[in-house]
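S.K.: Protein sequence lines correspond, in order, to chains V and F.
Taking the numbering used here, I'd label the letters of the first sequence as residues 450 to 727.
Taking the numbering used here, I'd label the letters of the second sequence as residues 141 to 521.
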Amino acid sequence: MAEITRLIHEYLRHDKKFPHVWCPGCGIGIMLGSLIRAIDKTGYSKDDIVLVSGIGCTGRLPVYVDFNTLHTTHGRALTFATGIKLAKPRLKVIVIMGDGDAVAIGGNHFIHAARRNIDITAIIVNNSVYGMTGGQYSPTTPYGMKSTTTPYSNVEHAFNISELAVTAGAVFVGRGTVFHAKLLDSLMEKAFAKVGFSVVEIISHCHTQFGRLNRMGTAVEMMQWQRDHSVTVEKAAQMKTEELKDKFKIGVLVDRELPAYQDEYEKVRRWAKGTEKR
Amino acid sequence: MKKKVQKKELLLQGNEAVVEGALKAGCNFFAGYPITPATEISEILSVRLPQLDGTFIQMEDEIASLGAVIGASLAGAKAMTATSGPGFSLMQENLGFAVIAEVPCVIVDAMRGGPSTGLPTMPSQGDVMQARWGTHGDHPIIALCPSTIRECYDLTIKAFNYSEKFRIPVVLLIDEVVAHMREKITICEDEDVEIFNRVKPTVPPEWYIPFEDTPKGVPAMANFGDGYRYHVTGLTHDIKGFPTSRPDEIDPFIRRLFRKVSQNFADIQIGEFYQTDDADITIIAYGCVARSARRAAADGRERGLKVGVLKMNTIWPFMRAQVEKVLRTSKVVIVPEMNMGQMSREVKRVNKGDAKVFTINKVDGKIITPQEILSRIKEVY
Numbered sequence: 450m451a452e453i454t455r456l457i458h459e460y461l462r463h464d465k466k467f468p469h470v471w472c473p474g475c476g477i478g479i480m481l482g483s484l485i486r487a488i489d490k491t492g493y494s495k496d497d498i499v500l501v502s503g504i505g506c507t508g509r510l511p512v513y514v515d516f517n518t519l520h521t522t523h524g525r526a527l528t529f530a531t532g533i534k535l536a537k538p539r540l541k542v543i544v545i546m547g548d549g550d551a552v553a554i555g556g557n558h559f560i561h562a563a564r565r566n567i568d569i570t571a572i573i574v575n576n577s578v579y580g581m582t583g584g585q586y587s588p589t590t591p592y593g594m595k596s597t598t599t600p601y602s603n604v605e606h607a608f609n610i611s612e613l614a615v616t617a618g619a620v621f622v623g624r625g626t627v628f629h630a631k632l633l634d635s636l637m638e639k640a641f642a643k644v645g646f647s648v649v650e651i652i653s654h655c656h657t658q659f660g661r662l663n664r665m666g667t668a669v670e671m672m673q674w675q676r677d678h679s680v681t682v683e684k685a686a687q688m689k690t691e692e693l694k695d696k697f698k699i700g701v702l703v704d705r706e707l708p709a710y711q712d713e714y715e716k717v718r719r720w721a722k723g724t725e726k727r
Numbered sequence: 141m142k143k144k145v146q147k148k149e150l151l152l153q154g155n156e157a158v159v160e161g162a163l164k165a166g167c168n169f170f171a172g173y174p175i176t177p178a179t180e181i182s183e184i185l186s187v188r189l190p191q192l193d194g195t196f197i198q199m200e201d202e203i204a205s206l207g208a209v210i211g212a213s214l215a216g217a218k219a220m221t222a223t224s225g226p227g228f229s230l231m232q233e234n235l236g237f238a239v240i241a242e243v244p245c246v247i248v249d250a251m252r253g254g255p256s257t258g259l260p261t262m263p264s265q266g267d268v269m270q271a272r273w274g275t276h277g278d279h280p281i282i283a284l285c286p287s288t289i290r291e292c293y294d295l296t297i298k299a300f301n302y303s304e305k306f307r308i309p310v311v312l313l314i315d316e317v318v319a320h321m322r323e324k325i326t327i328c329e330d331e332d333v334e335i336f337n338r339v340k341p342t343v344p345p346e347w348y349i350p351f352e353d354t355p356k357g358v359p360a361m362a363n364f365g366d367g368y369r370y371h372v373t374g375l376t377h378d379i380k381g382f383p384t385s386r387p388d389e390i391d392p393f394i395r396r397l398f399r400k401v402s403q404n405f406a407d408i409q410i411g412e413f414y415q416t417d418d419a420d421i422t423i424i425a426y427g428c429v430a431r432s433a434r435r436a437a438a439d440g441r442e443r444g445l446k447v448g449v450l451k452m453n454t455i456w457p458f459m460r461a462q463v464e465k466v467l468r469t470s471k472v473v474i475v476p477e478m479n480m481g482q483m484s485r486e487v488k489r490v491n492k493g494d495a496k497v498f499t500i501n502k503v504d505g506k507i508i509t510p511q512e513i514l515s516r517i518k519e520v521y
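1. Within 8 Å of any Cβ in chain V, is that where the Cβ of E593 of chain F sits?
2. For D496 of chain V versus L456 of chain V, is the C-beta spacing smaller than 8 Å?
3. State yes or no: is the beta carbon of Y714 of chain V nearer than 8 Å to at least one beta carbon in chain F?
4. Taking 8 Å as the threshold, find out whether the stretch 467–486 of chain V comes into contact with the stretch 678–685 of chain V through three or more Cβ pairs.
5. To the nearest angstrom, how far is the alpha carbon of E477 of chain F from that of I408 of chain F?
6. Which residues bound the alpha helix (DSSP H) around D712 of chain V?
7. How about R719 of chain V and E713 of chain V: are their beta carbons less than 8 Å apart?
8. Kindly indicate which three-state DSSP category V620 of chain V falls into: helix, strand or coil?
9. Below 8 Å, can you find three or more Cβ-Cβ pairs linking the stretch 603–610 of chain V to the stretch 519–530 of chain V?
10. Which of the residues in the stretch 507–535 of chain V, read from start to end, lie with their CB under 9 Å from any CB of chain F?
11. Give the interface partners of M199 of chain F over in chain V, defined as CB-CB distance under 8 Å, in chain order.
12. Along chain V, which residues have their Cβ under 8 Å away from the Cβ of E233 of chain F?
13. Is M251 of chain F closer than 8 Å to S287 of chain F when the C-beta atoms are compared?
14. Look at the Cβ atom of Y710 of chain V, then the Cβ atom of I567 of chain V, and state whether they are nearer than 8 Å.
15. Of the choices F:V159, F:G227, F:V209 and F:T326, whose alpha-carbon is the least far from that of L150 of chain F?
16. Using 8 Å for Cβ pairs, my map puts G618 of chain V next to R564 of chain V. What's the rounded Cβ distance?
17. Indicate whether V311 of chain F and C292 of chain F have their beta-carbon atoms separated by less than 8 Å.
18. Taking C-alpha atoms, which residue in V:M581, V:Q687 and V:K696 lies nearest to F659 of chain V?
19. Compare the beta carbon distance of M675 of chain V and V620 of chain V with 8 Å and say whether it is the shorter of the two.
20. Would D536 of chain F and V472 of chain F be called neighbours here (beta carbons separated by less than 8 Å)?
21. Write down every uninterrupted run of the alpha helix (DSSP H) in the stretch 261–325 of chain F whose length is 4 residues or greater and which is fully enclosed by it, in chain order.
22. Over the uninterrupted alpha helix (DSSP H) stretch that includes C428 of chain F, give me the two end residues.
23. Along the chain, where does the alpha helix (DSSP H) containing W674 of chain V start, and where does it finish?
24. Please compile the residues from chain F whose C-beta is within a distance smaller than 9 Å of the C-beta of K537 of chain V.
25. What whole-angstrom Cβ distance do N663 of chain V and K595 of chain V have, given they're in contact under 8 Å?
26. Compare the Cα-Cα distances from M199 of chain F to each of F:I281, F:S182 and F:A217 and report the closest residue.
27. Would you verify that the beta carbon of A668 of chain V is, or is not, closer than 8 Å to some beta carbon of chain F?
28. May I have the straight-line CA-CA distance separating I240 of chain F from R485 of chain F, to the nearest angstrom?
29. Using the three-state DSSP reduction, which class does E706 of chain V fall into: helix, strand or coil?
30. L636 of chain V to V649 of chain V, Cα distance in whole Å?
31. In this structure, does DSSP put A686 of chain V in helix, strand or coil?
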């Protein structure tokens with residue numbers, strides 16, 4: 450059996466009626482492919498993986514895959530995931546969010562999950578727009594771009610999700626694009642292997658809304674834009690600041706060691722029971 | 141040899157009794173955010189839960205607190221949060237999630253004066269309707285209300301039992317007076333307390349239908365990680381848990397959510413009748429006001445007035461049958477409340493005219509006294 454056929458049979462839900470909700474050409478499909486390949490490599494049983502999501506196009510992902518899946522309220526996926534991880538630490542908890550989900554309505558939960566360093570992987574598909582509701586601007590819509598709620602041009606400045614995660618305390622932060630599918634595979638594998646709060650930001654496109662309003666062309670053209678505007682971390686280190694203008698870095702942005710929350714809380718339990726002196 | 145009964149005599153605050161009840165019920169997960177007058181519950185559980193291999197976590201806000209509680213419950217924990225009005229408002233979003241996804245959990249709301257920041261350290265009963273209709277959409281809810289420290293203990297256990305039995309979030313509405321007042325209670329270690337745990341599926345995973353429409357209305361619940369992989373969503377879903385927009389699947393689902401509560405009124409609706417059989421005047425009260433009502437009734441009886449009390453321990457679902465009973469047998473029904481008339485409106489709604497219904501509404505941050513109830517009785521009877 451071809452590898453892809455095996456993965457489809459193994460991980461996509463047979464009892465869920467396809468087709469999915471995403472537009473033809475959407476980047477989420479590429480991301481889903483990477484996710485499945487990376488999870489397959491972890492060696493975890495499907496019974497021990499929990500996929501949690503919020504609301505939006507990205508939030509619809511868990512329903513199609515055969516894990517313990519939880520589709521929560523908008524922006525709150527990380528809070529539910531926190532409860533799951535603490536109640537049953539042996540479970541591998543992966544959270545899938547969009548940019549609005551993760552850093553607008555869920556921004557507070559995002560920085561606090563990173564600060565606590567709870568052992569969860571957050572995968573954020575950043576397509577710079579609220580796609581499902583029809584193309585409104587999000588916290589990652591770049592300055593000067595159009596959306597259905599910035600019809601004259603966006604005068605707000607975009608969040609840099611990865612830098613936010615680094616500052617807030619995530620122990621692993623990687624950024625990729627849906628153009629670089631192989632890189633996505635490896636970033637997710639590294640994130641899943643990391644104990645602590647890991648983040649993978651995926652630059653994607655919404656040609657249906659964002660691309661159309663900003664005359665950025667088809668899905669293919671938007672992916673070519675991703676190729677032309679991304680620079681690997683290694684290459685960026687050799688480049689001058691002005692050369693890096695209009696470019697974003699891809700690759701592993703941070704990989705550091707810090708004790709994860711549930712291991713720290715184990716200490717609290719020992720202190721509470723008096724089996725260890727603080 | 142006769143077994144020695146372990147009796148514990150404790151002088152407890154309402155919030156402390158809630159903690160004791162929760163631990164007795166098997167609570168092993170708490171997520172919360174500091175707020176007066178519920179903070180003691182967090183503080184005590186932060187000491188006790190890790191001693192018992194449980195988990196306490198202080199989240200970034202009340203939205204996150206209930207989110208974590210629901211997540212923990214899905215993974216198999218018995219989970220609780222505690223807050224007051226402002227935090228309870230923030231929880232309404234995820235409360236609705238717990239209703240639609242049928243996740244057992246307990247939410248303590250120690251009521252203080254409102255709206256908004258209101259009166260942080262003073263009591264009220266202003267959240268009665270927030271408990272009922274605070275979250276959007278048509279939904280059932282169970283809300284319990286203790287008036288003594290012993291009831292704080294017992295009703296917390298019941299709250300966990302109902303949430304596990306009916307797969308529904310249960311709100312424990314305590315007011316600031318009951319939360320902070322101290323009374324002696326006796327707890328026997330070997331007390332025969334019914335502890336109910338969620339019914340788990342016994343079928344093989346491939347046969348499991350997570351939201352099956354059973355006669356009881358409550359499907360078996362598999363915990364995450366138990367080998368039953370299924371989908372949980374806040375979207376209206378079919379019996380398998382997958383989102384649906386088919387009217388023939390939506391309607392039975394919403395009706396089942398209601399049915400699992402409505403066909404168990406006899407189990408859920410708890411309260412007490414005090415001398416209501418011969419009463420001309422019945423006081424319907426709950427929370428700290430029920431204490432004043434008992435005293436007012438006793439004082440009234442001494443003065444030759446036939447006064448009785450219906451104490452409500454279940455606030456929602458509304459104790460219609462019990463209220464109708466006293467409306468039929470009494471000439472006058474008085475509903476004293478520390479709000480502008482949230483429960484009295486329900487009482488008036490079901491009154492067929494046999495009794496006259498009067499209210500006492502106090503919203504100055506003070507408890508309603510027995511004297512105030514007595515003078516109201518004299519005024520109207």
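We treat Cβ as the ideally placed atom computed from N, Cα and C, and that holds for glycine.
M.R.: Quick look at the numbers:
1. The shown model of chain F, from 141 to 521, leaves out residue 593 of chain F, and the question about it has no answer.
2. Position 47 of the first sequence, counted from the first residue, corresponds to residue 496 of chain V. Position 7 of the first sequence, counted from the first residue, corresponds to residue 456 of chain V. No, the pair does not count as a contact, with Cβ atoms beyond the cut-off.
3. For the purposes of this step, residue 714 of chain V is taken as residue 265 along the first sequence, with counting starting at 1. For Y714 of chain V, the answer is yes, since a Cβ of chain F falls inside 8 Å of its Cβ.
4. no
5. Numbered from its first residue, the second sequence carries residue 477 of chain F at position 337. Numbered from its first residue, the second sequence carries residue 408 of chain F at position 268. If I take the Cα positions, the gap works out to 22 Å.
6. The residue given as residue 712 of chain V occupies position 263 in the first sequence. Run containing D712 of chain V: Y710 to K722, per the alpha helix (DSSP H) assignment.
7. On the first sequence, residue 719 of chain V is found 270 positions in, with the first residue counted as 1. On the first sequence, residue 713 of chain V is found 264 positions in, with the first residue counted as 1. No.
8. Counting from one through the first sequence, the residue named residue 620 of chain V turns up at place 171. Three-state result, V620 of chain V: coil.
9. no
10. R509, P511, V512, D515, F516, N517, T518, L519, H520, T521, T522, H523, G524, R525, A526, L527, T528, F529, A530, T531, G532, I533, K534 and L535
11. Looking up residue 199 of chain F in the second sequence gives position 59. Those are T528, T531 and H561, listed as they occur along chain V.
12. Indexing the second sequence from 1 puts residue 233 of chain F at position 93. Simply T522 and R525.
13. Against the second sequence, residue 287 of chain F aligns to sequence position 147. Against the second sequence, residue 251 of chain F aligns to sequence position 111. Against a cut-off of 8 Å, the Cβ pair of M251 of chain F and S287 of chain F comes out as no contact.
14. Here residue 710 of chain V refers to the residue found at position 261 of the first sequence. Here residue 567 of chain V refers to the residue found at position 118 of the first sequence. Yes, these two residues count as a Cβ contact at 8 Å.
15. Within the second sequence, residue 150 of chain F is the residue found at index 10, counting from 1. Comparing Cα-Cα distances from L150 of chain F to each of F:V159, F:G227, F:V209 and F:T326, the minimum goes to F:T326.
16. On the first sequence, position 169 is the one that residue 618 of chain V refers to. On the first sequence, position 115 is the one that residue 564 of chain V refers to. 5 Å between Cβ atoms; contact.
17. To locate residue 311 of chain F, count along the second sequence from 1; it is residue 171. To locate residue 292 of chain F, count along the second sequence from 1; it is residue 152. In this structure, C292 of chain F does not lie closer than 8 Å to V311 of chain F by Cβ.
18. Sequence index remark: in the first sequence, residue 659 of chain V carries index 210 (1-based). For the residues V:M581, V:Q687 and V:K696, the minimum Cα distance to F659 of chain V belongs to V:M581.
19. By 1-based counting over the first sequence, the position of residue 675 of chain V is 226. By 1-based counting over the first sequence, the position of residue 620 of chain V is 171. Met is not the amino acid found at residue 675 of chain V; the sequence shown has Gln there. Not in contact: Q675 of chain V and V620 of chain V (Cβ atoms no closer than 8 Å).
20. Because residue 536 of chain F is not part of the residues shown, which for chain F are 141 to 521, the question remains open.
21. 268–273, 289–306 and 316–320
22. Along the second sequence, read from residue 1 onward, the residue named residue 428 of chain F stands at position 288. C428 to E442 is the extent of the alpha helix (DSSP H) around C428 of chain F.
23. Residue mapping note: residue 674 of chain V aligns to position 225 of the first sequence, counting from 1. First-last of the alpha helix (DSSP H) with W674 of chain V: A668 to H678.
24. As a first step, residue 537 of chain V must be located in the first sequence, where it is residue number 88. Ordered by position in chain F, the residues that pass the 9 Å Cβ test against K537 of chain V are A212, A215, G216, A217, N363, F364 and G365.
25. In the first sequence, counting from the first residue as 1, residue 663 of chain V sits at position 214. In the first sequence, counting from the first residue as 1, residue 595 of chain V sits at position 146. The Cβ separation is near 5 Å, so the contact holds.
26. Translated into the one-based positions of the second sequence, residue 199 of chain F becomes position 59. Closest by alpha carbon: F:S182.
27. Numbered from 1 along the first sequence, position 219 holds the residue referred to as residue 668 of chain V. No, because no Cβ of chain F sits closer than 8 Å to the Cβ of A668 of chain V.
28. If you number the second sequence from 1, residue 240 of chain F lands on position 100. If you number the second sequence from 1, residue 485 of chain F lands on position 345. In a straight line, the C-alpha of I240 of chain F is about 27 Å away from that of R485 of chain F.
29. What you label residue 706 of chain V is simply residue 257 of the first sequence in a count that begins at 1. In this structure, E706 of chain V counts as coil in the three-state DSSP scheme.
30. Looking up residue 636 of chain V in the first sequence gives position 187. Looking up residue 649 of chain V in the first sequence gives position 200. So the two alpha carbons sit approximately 7 Å from each other.
31. Counted from its first residue, the first sequence places residue 686 of chain V at position 237. DSSP places A686 of chain V in coil when its eight states are reduced to three.
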